[in-house]
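Asker: One structure, pasted below without further comment.
Residue numbers (this note's numbering): 5 to 182.
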């Protein structure tokens with residue numbers, strides 16, 4: 005796997021990065037890049053392997069309209085969700101606030117209610133901040149929703165189990181003549 009380097013702010017060399025990591029670095033087609041095997045630094049937009057980083061970026065403030073068969077016509081170019089907006093750097097615009105990770109509630113659900121579902125909720129909850137910091141806003145929102153779902157299901161299962169247990173104790177107490 006190729007490792008890429010680029011010239012960042014104040015002419016500092018950054019890297020090495022994989023192609024996927026380069027997506028989150030905010031490079032432009034004019035950013036100078038280099039990888040092992042290149043004779044000299046050249047603009048990222050002139051580098052065949054890195055063109056995919058810029059090919060799918062619509063104008064700033066634009067919206068994406070889904071085109072049938074687009075992904076099949078442009079292999080390797082990610083297709084943003086319908087209605088996504090884009091900022092000047094080319095990434096999707098983040099929601100106004102970071103989504104709640106549900107980590108505290110996941111832990112409480114695990115301890116107090118339902119161990120298996122609570123563990124799954126904790127796993128999703130720990131992904132939220134990592135994905136947000138990697139500028140994967142849609143992934144962070146999805147992980148938060150998954151954490152919420154598993155937390156609430158776990159709490160519901162625990163509550164239902166507690167109610168059934170209470171009913172069985174009451175039936176047993178009445179049958180026992182207390």
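Note that the Cβ used here is the ideal one computed from N, Cα and C, for glycine as well. Every value quoted in this text rests on a predicted model; they were computed, and no experiment measured them.
Are there 16 or more other CB atoms within 10 angstroms of the CB of residue 57, so buried, or fewer, so exposed?
Answerer: buried
Asker: Under 7 Å Cβ to Cβ from residue 152, same chain only, skipping five residues before and after it: list those, please.
Answerer: Short of 7 Å from the beta carbon of residue 152, and not among the five residues preceding or following it, lie these beta carbons of its own chain, in chain order: 106.
Asker: From this set, 44, 19, 20, 51, which residue's C-alpha is nearest residue 34's C-alpha?
Answerer: 51
Asker: In the DSSP assignment, find the unbroken beta strand (DSSP E) run with residue 149 in it and report its ends.
Answerer: Not the beta strand (DSSP E): residue 149 falls in the alpha helix (DSSP H), residues 141–180.
Asker: Below 8 Å on the Cβ atoms is my contact criterion, and I expect residue 121 with residue 157 to pass it. Report the Cβ-Cβ distance as a whole number of Å.
Answerer: 6 Å
Asker: Is the Cβ-Cβ distance between residue 29 and residue 21 less than 8 Å?
Answerer: In contact: residue 29 and residue 21 (Cβ atoms closer than 8 Å).
Asker: Can you give the Cα-Cα distance for residue 179 and residue 163, rounded to whole angstroms?
Answerer: 24 Å
Asker: Quick one: is residue 175 near chain B, going by C-beta distance under 8 Å?
Answerer: No chain B is present in this structure, which holds just one protein chain.
Asker: Could you have a look at residue 20 and say whether DSSP puts it in helix, strand or coil?
Answerer: strand
Asker: Can you give the Cα-Cα distance for residue 3 and residue 31, rounded to whole angstroms?
Answerer: Lying outside 5 to 182, the shown extent of the chain, residue 3 is not represented and no answer is given.
Asker: Rounding to the nearest angstrom, what Cα-Cα distance links residue 177 and residue 171 in this structure?
Answerer: 10 Å
Asker: Name the residue from 19, 145, 16, 124 whose alpha carbon lies nearest to the alpha carbon of residue 154.
Answerer: The candidate whose alpha carbon is nearest that of residue 154 is 124.
Asker: Using only the alpha-carbon positions, how far apart do residue 102 and residue 23 sit?
Answerer: 26 Å
Asker: I need the straight-line Cα distance from residue 7 to residue 43, nearest angstrom please.
Answerer: Their Cα atoms are separated by approximately 15 Å.
Asker: Taking DSSP as the reference, what is the three-state secondary structure of residue 103?
Answerer: coil
Asker: Consult DSSP for residue 90 and reduce its assignment to one of helix, strand or coil.
Answerer: Below a pLDDT of 50, predicted positions are generally treated as unreliable, and residue 90, at 42, falls in that range; no measurement from the model is reported.
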